[in-house]
Structure formats: structure tokens, C-alpha cells
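Numbering (the working numbering), first residue to last: 11 to 155.
Inspection log for the structure reproduced underneath, given as C-alpha cells.
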Amino acid sequence: MSMRHLAGSLFISLTLLLAGCGADDDPQAALEAAVQQLQDNIEGKSTGAVLDQLHGDFLARQELDREWAKRTMTLLFLRHKNIKVIALGKNSWIDPAISSKGYTETQVGLSGAEGLIPDSARHYSVKLEWWLDGGEWKLARLDWE
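Printed below as a string of C-alpha cells:
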């Protein structure tokens, strides 16, 4: 390989590496990725992965803690062979006054099934509050109607 081709390959590799790092430094993109990861972890019935995404001070409905979340997921995952989360109109943003807080509002359809056809389905309006913790967005507050 000629020196010119080697230099060109090195330049392209370095550019791709820096572009990738820039995406990781984008708080909005990281927040949206955390929201998608939460949905994927729930659908994958991965209790441990969901708990890893919860902040240490997590509260749902201003009173339900991480232990409640663990028990609820365990029950839901045991009851249903298949879990599907359909997020409609998902909107995430970072607090303009406090850049370490992010929010997501969405309409969620949650269904569970023993086979291919859902045997239970519910619709919720969900509000999530995320806190930036050690460079990762962690779910700190959860509320729904």
C-alpha cells in the first residue's frame, strides 16, 4: 500500500472515530438512545438491564421505589411470554435551565401475550424524568395516567 493510500485510510478512520465521539457527546442523542434502550430492555424482559437504567433515587408516582419496579417487572415478565411496548408521539428534551435533567413524554401502548395474539393491552400517558449520572442518563422519576 502506498504512503498516499495509507495516509488517506488513516485520515478516513480518524474522521469516523471523531464523528462517532461527537455523537456520544450529544446529550440529546444520548437521552433519546436511553429512552429507546429502556423500551428495548422492557420488551426483552431484561429486569437487570432496566434496573441498571434506574437512578439510585428512582421514584414512580412520587412514592414507588426501585424495589417496586423490580417486583412489578418480575410479575409482568412471568405473566406474559411476550411483551410489546408501542411508544406513540415520543418527545424528549433536555431542561434548558438544568442540563443534567431530561424529560420524555409519550403515549404508550403496553401489551402482553402468551402467544402471538395479545391477551392484555393498556394505553398510558407517560412522563419520564431523566438525570445525567456519571455521563449516563438514568431514569429518576416516572408518572403515568
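Glycine included, each C-beta is placed from N, C-alpha and C at the ideal position.
Among residues of its own chain, excluding the 5 on either side of residue i, which ones have a beta-carbon nearer than 8 angstroms to its beta-carbon?
{"i": "D75", "result": "F68, L69"}
{"i": "H15", "result": "With a pLDDT of 35 at H15, under the threshold of 50, the predicted position of this residue should be treated as unreliable, and no value is reported."}
Keeping to the same chain, check which residues put their C-beta closer than 7 angstroms to that of residue i; ignore five residues upstream and five downstream.
{"i": "E139", "result": "K111, Y113, A150, R151"}
{"i": "L41", "result": "S102, I104, G112, W140, W147"}
{"i": "A97", "result": "Q49, T116, V118"}
{"i": "G32", "result": "Confidence at G32 is low in this model, with a pLDDT of 41, below 50, so the placement of that residue is unreliable and no value is reported for it."}
{"i": "M83", "result": "T57, V60"}
{"i": "D143", "result": "H65"}
Once the 5 residues before and after residue i are set aside, which same chain residues still bring their CB inside 6 angstroms of it?
{"i": "A44", "result": "W147"}
Which residues does DSSP list as the beta-bridge partners of residue i?
{"i": "K111", "result": "W141"}
{"i": "L69", "result": "R151"}
{"i": "A131", "result": "S121"}
{"i": "L41", "result": "According to DSSP, which records beta bridges pairwise, L41 is partnered with nothing at all."}
I think residue i touches residue j, with their Cβ atoms under 8 angstroms apart; what is that distance to the nearest whole Å?
{"i": "I93", "j": "L85", "result": "So it is not a contact: roughly 12 angstroms between Cβ atoms."}
Please report the residue range of the beta strand (DSSP E) in which residue i lies.
{"i": "E146", "result": "146-154"}
{"i": "G58", "result": "Counting along the chain, G58 falls outside any beta strand (DSSP E), though it belongs to the alpha helix (DSSP H) covering 57-63."}
{"i": "G243", "result": "As displayed, the chain neither begins before 11 nor continues past 155, which places residue 243 out of reach and without an answer."}
Provide the residue span of the alpha helix (DSSP H) that contains residue i, from first to last.
{"i": "K80", "result": "76-89"}
Looking at chain B, is there any beta carbon in it that lies within less than 9 angstroms of the beta carbon of residue i?
{"i": "L41", "result": "Here chain B cannot be found, since the structure has a single protein chain."}
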